[in-house]
Amino acid sequence: MADVKFAVESYNSGHLSVVNTYKICHLDFDVEGALQGNTQALTTQTKSIALLQQQEADNGTPVTVSSALPVLSTGLVTGQGGGLNVLQIATANGVNISRVNVMAMDYGPGFAQPGNPGMGTYAIDAATATLGQLMTLYPSLSSERAWSMLGVTPLVGINDDPREIFTLAGAQQLTTFAVRNHIGELSMWERPREHHRHLGRSRRRRRQRSGANPVRVLQDLRADRDRFHTVTPVAERAAPTTSETP
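When the letters of the sequence shown are read in order and numbered with my numbering, they come out as residues 12 to 257.
Structure follows, in structure tokens:
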């Protein structure tokens, strides 16, 4: 326990230095891969973040926190090593999370079969399933507040698996869904992909395997960006308090 306490204080010192030096009022933590299953590291990190939030709130300079997490069309992965575990640990350690941004992309071979419903549908399914998980984790949340706490970020264009292509039609589908449900954030990964040489991992052999025309994909990337800009941002709302946790 002493080691954990020392690590928390060390992390907290670093976080405080960055926040105060650059006058930061929001922090986003992208938690992926092995870290999702590292309970000790997550415990140390989240205790430090909770302490930071408390310190900054006491100083009159509150810091909001969001978490970016991988997702499947069935929602955040459950159990140790999954995104839901990350939120559970953060909540248990007192972190007030204002936004959960699901990375709707790269679902894996099982989702890239011929005749799949499409990346737009997968993103909507992922958002809907994650909403249910948030309302279970924070049972006092209203449906409206849970939607405003949710963010969705697709990887536009060709994903790591060349059969997964987020198209302009998918962008329109997801945008319509986001507007209808007043989702808190709709974003895209990533701006540099608008340039021909930055179509993600879709190198020539991947483009050939996917059958996608790179010029058309590039045009759709730019259209996706413009489409997402039609979504009116939802005002940031207060994070669930610890009294709202399970």
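Every residue gets a Cβ at the ideal spot worked out from N, C-alpha and C, and that includes glycine.
Checking 8 Å against the spacing of the C-beta atoms, do Ala138 and Val167 come in under that value? Counted from its first residue, the sequence shown places residue 138 at position 127. Counted from its first residue, the sequence shown places residue 167 at position 156. Their beta carbons are not under 8 Å apart, which means Ala138 does not touch Val167 by this criterion.
Quick check: the Cα distance between Gln66 and Thr55, rounded to an integer number of angstroms? To locate residue 66, count along the sequence shown from 1; it is residue 55. To locate residue 55, count along the sequence shown from 1; it is residue 44. Their Cα atoms are separated by approximately 17 Å.
Which whole-angstrom value describes the C-beta separation of Glu175 and Ala123, a residue pair presumed to lie in contact below a C-beta threshold of 8 Å? Translated into positions along the sequence shown, residue 175 becomes position 164. Translated into positions along the sequence shown, residue 123 becomes position 112. With a Cβ gap of about 5 Å, Glu175 and Ala123 count as contacting.
Between Asn170, Ile60, Ala182, which lies nearest to Tyr118 when the distance is taken from Cα to Cα? As a first step, residue 118 is located in the sequence shown; it is residue number 107 there, counting from the start. Among Asn170, Ile60, Ala182, the Cα nearest to that of Tyr118 belongs to Asn170.
Determine the contact status of Val97 and Thr141, defining contact as a CB-CB distance below 8 Å. As a working note, residue 97 is residue 86 in the sequence shown. As a working note, residue 141 is residue 130 in the sequence shown. If you check the CB distance, Val97 and Thr141 do not come in under 8 Å.
From this set, Gln47, Phe188, Val113, which residue's C-alpha is nearest Ser77's C-alpha? Numbered from its first residue, the sequence shown carries residue 77 at position 66. It is Val113.
Can you tell me whether Gln47 is buried or exposed? The criterion is at least 16 other CB atoms within 10 Å of its CB, across all chains shown. Along the sequence shown, read from residue 1 onward, the residue named residue 47 stands at position 36. With 16 or more other Cβ atoms within 10 Å, it is buried.
Going residue by residue through the region 39–100, where are the continuous alpha helix (DSSP H) segments of at least 4 residues, counting only ones entirely within it? Within the region 39–100, complete alpha helix (DSSP H) segments of at least 4 residues are found at 50–69, given in chain order.
If you follow the alpha helix (DSSP H) that Val190 is part of, which residue opens it and which one closes it? For the purposes of this step, residue 190 is identified with residue 179 of the sequence shown, where counting begins at 1. Its alpha helix (DSSP H) spans residues 179–192.
Roughly how many angstroms separate the alpha carbons of Gly25 and Leu63, rounded to a whole number? Residue mapping note: residue 25 aligns to position 14 of the sequence shown, counting from 1. Residue mapping note: residue 63 aligns to position 52 of the sequence shown, counting from 1. The straight-line gap separating the alpha-carbon atoms of Gly25 and Leu63 is approximately 10 Å.
Could you say which of Thr132, Gly121, Gly86, Gln144 lies nearest to Phe188 if we only look at CA atoms? Residue mapping note: residue 188 aligns to position 177 of the sequence shown, counting from 1. The candidate whose alpha carbon is nearest that of Phe188 is Thr132.
Whole-angstrom distance between Pro173 and Gly71, CA atom to CA atom: Along the sequence shown, read from residue 1 onward, the residue named residue 71 stands at position 60. Along the sequence shown, read from residue 1 onward, the residue named residue 173 stands at position 162. Between Gly71 and Pro173, the C-alpha separation is close to 48 Å.
From this set, Thr178, Ser21, Val30, Ile35, which residue's C-alpha is nearest Met130's C-alpha? The residue labelled residue 130 in the question sits at position 119 within the sequence shown. Considering only Thr178, Ser21, Val30, Ile35, the residue with the shortest C-alpha distance to Met130 is Thr178.
Starting from Ala138 and walking both ways along the alpha helix (DSSP H), at which residues does that stretch end? As a first step, residue 138 is located in the sequence shown; it is residue number 127 there, counting from the start. Segment 130–148, the alpha helix (DSSP H) holding Ala138.
Where does Val111 fall in DSSP's three states? Sequence index remark: in the sequence shown, residue 111 carries index 100 (1-based). Here Val111 sits in strand by DSSP.
Please decide whether Ala137 counts as near chain D, where near means a Cβ-Cβ distance under 8 Å. Included in the structure is just one protein chain, with no chain D present.
Just verifying my parser: in three-state terms, what is the DSSP assignment at Leu197? Position 186 of the sequence shown holds residue 197. Strand.
CB of Arg174 to nearest heavy atom of the ligand COA: below 7 Å? Ligands displayed in this structure: none; no statement on the ligand COA is therefore possible.
Nearest neighbour of Thr50, chosen from Asn23, Ala103, Val74 [CA to CA]: Looking up residue 50 in the sequence shown gives position 39. Selected option, being the one with the closest Cα: Ala103.
Grab me the residues of Thr89's own chain with a C-beta within less than 7 Å of its C-beta, minus the 5 sequence neighbours each way, in chain order. In the sequence shown, counting from the first residue as 1, residue 89 sits at position 78. Closer than 7 Å at the Cβ level, and outside the excluded window around Thr89, lie Leu95.
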